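Chemist: Residue numbers (the UniProt record's numbering): 1 to 222.
All residues carry an ideal CB built from backbone N, CA and C; glycine is no exception.
Note that the structure is predicted; figures quoted are calculated from it, not measured.
Below you can see the structure in the form of structure tokens.
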């Protein structure tokens, strides 16, 4: 607890220097220590209690948290590799990467040059949503989506996740249909999806819940 307090105090000081009084943030004085503790230590917070303490909506909380991390230049630990490790499905990575490239290529066709310049393709929302879309195609939507959004190190709200997955599904419709056809007609290899115990991304509680829920299956190629 002392280490967490020290780290949170350090982060709070960085906020003072780089963000100041944050006039654009609602209830900043209340939320600031909560953000500092959240960033200082990745633990499984009770989402409802967290939002109640912060006195804000889930969307506002995660948008602010994501903004703060960017301003403080806190690197993201999220990657397709880490997400695949979390769910024990490394073979999904090529499919996720392909879907992401298709989405980027197709989406920018409908954007202005100014909008394209504002995109940060390294933002967690894209990696998480693309991974969630692939999980849905391979029949693991419920489990993956629940654990993705509930992971303490992921600063993405449910509304943002849902909006982005709908956008990805729109622009990757042909590829998604192609994958569904392969699953149906070509007989792809089946393997289990389950959180890796001991992983930094999965708490003992999450792992226990996953075990009780049972492992899902995903069909992907060797």
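Could you tell me the boundaries of the alpha helix (DSSP H) in which residue 4 lies?
Modeler: Run containing residue 4: 2 to 18, per the alpha helix (DSSP H) assignment.
Chemist: Using only CA atoms, which one of 132, 12 and 174 lies nearest to residue 79?
Modeler: 132
Chemist: Go to residue 112, then tell me how far its alpha helix (DSSP H) extends in each direction, as first and last residue.
Modeler: In the DSSP annotation of this structure, residue 112 is not part of any alpha helix (DSSP H), being labelled neither H nor E.
Chemist: Does the region 56 to 65 come within contact of the region 84 to 92, defined as at least 3 CB pairs closer than 8 Å?
Modeler: no
Chemist: Specify whether the region 98 to 112 and the region 169 to 177 touch according to this definition: at least 3 beta carbon pairs, one from each stretch, less than 8 Å apart.
Modeler: yes
Chemist: Helix, strand or coil: which one does DSSP assign to residue 140?
Modeler: coil
Chemist: Inspect the beta-carbon positions of residue 72 and residue 14 and report whether they are closer than 8 Å.
Modeler: yes
Chemist: Please list, in chain order, all residues of the same chain as residue 34 whose beta carbon is under 6 Å from its beta carbon, the five residues on each side excluded.
Modeler: 53 and 54
Chemist: Leaving aside the five residues before and after residue 200 along the sequence, list all residues of the same chain whose C-beta is less than 7 Å from its C-beta, in chain order.
Modeler: Low local confidence applies: a pLDDT of 39 at residue 200 is under 50, so the model's placement there is unreliable, with the coordinate-based value given in what follows. If we look at residue 200 and ignore the five residues flanking it on each side, it has no Cβ neighbours.
Chemist: Where do the N-terminal and C-terminal ends of the alpha helix (DSSP H) with residue 60 fall, by residue?
Modeler: Segment 58 to 71, the alpha helix (DSSP H) holding residue 60.
Chemist: Under three-state DSSP, which class holds residue 38?
Modeler: helix
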